[in-house]
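Undergrad:
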Amino acid sequence: MKFTIVLVACLLAVAFADDHDHHEHHEEHHDDHHHEEHHDDHHHEEHHDDHHDHHEHHHADIVKEYHEHNPKDYKYSVEQSDHVHVEHEGHLADEHTWIVKGEYEYLDKHGKPVKVTYTADEYGYHPKIHQ
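Residues -17 to -1, 1 to 114 in mature numbering (1 follows the signal peptide of the UniProt record, and there is no 0) are what the sequence shown lists, from first letter to last.
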């Protein structure tokens, strides 16, 4: 159960990272030009709205999905049309401890693939980022 919460949190962090970076860019841009006499607020709002319209209409289809659940182990993978790929498997090491390993891959805001491999065990979540 703890692993599921960690995995969902990680996937949400990935999904919102691009949007957060976009907002930071606009805040920096706005701060840099705040004192300029001819700052074009209308252009900023227009670009900001276009960006949000794009994200609100973003849709990805599931291209492949696999899942196998047993009482003492499981495997799961999904591949989406937007180049997001998730794969993980786990097994019950003892009555209370799941050992999980997996990876997920996505495209960053520049279109470059980012891959994260990880293990999760009684000592926590251990990710490695590969770019």
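Built from N, CA and C at the ideal position, the CB exists for glycine as well. Since this is a predicted model, take the numbers as computed values, not measurements.
1. What's the call for V83, buried or exposed, on a 16-neighbour Cβ count within 10 Å?
2. Under three-state DSSP, which class holds P96?
3. Please classify H79: is it buried, with 16 or more other beta-carbons within 10 angstroms of its beta-carbon, or exposed?
4. Answer with buried or exposed for V69, where buried requires no fewer than 16 other C-beta atoms within 10 angstroms of its C-beta.
5. On the DSSP letters alone, give me the boundaries of the beta strand (DSSP E) that H113 sits inside.
6. What residues in its chain sit with their C-beta under 8 Å from that of H98, if we drop five residues either side in the sequence?
7. Of the choices Y57, K55, Y59 and V67, whose alpha-carbon is the least far from that of H42?
8. Enumerate in chain order the residues of its own chain whose CB-to-CB distance from E62 is below 7 Å, with the five nearest sequence positions on each side excluded.
9. Which term fits Y106, buried or exposed, when burial requires 16 or more other beta carbons within 10 angstroms of its beta carbon?
TA: So, from the listed chains and residues:
1. For the purposes of this step, residue 83 is taken as the residue at position 100 of the sequence shown. By the 10 Å Cβ count, V83 comes out buried.
2. Within the sequence shown, numbered from 1, the residue matching residue 96 stands at position 113. Note: P96 maps to strand in three-state DSSP.
3. Within the sequence shown, numbered from 1, the residue matching residue 79 stands at position 96. H79 is exposed by the Cβ-count criterion.
4. One-based indexing of the sequence shown puts residue 69 at position 86. Buried is the call here.
5. Here residue 113 is taken as the residue at index 130 of the sequence shown, counted from 1. Here the beta strand (DSSP E) through H113 covers G107 to H113.
6. As a position in the sequence shown, residue 98 is number 115, starting the count at 1. Inspection of the sequence shows that residue 98 is occupied by Lys rather than by His. Correct list, in chain order: E86, Y87, E88, I112, H113 and Q114.
7. Counting from one through the sequence shown, the residue named residue 42 turns up at place 59. For H42, the nearest C-alpha among the options comes from V67.
8. Your numbering for residue 62 matches position 79 in the sequence shown. Counting only Cβ-Cβ distances below 7 Å, and skipping sequence neighbours, we find V46, K47 and H68.
9. In the sequence shown, residue 106 corresponds to position 123, counting from 1. By the neighbour-count rule (16 or more Cβ atoms within 10 Å), Y106 is not buried but exposed.
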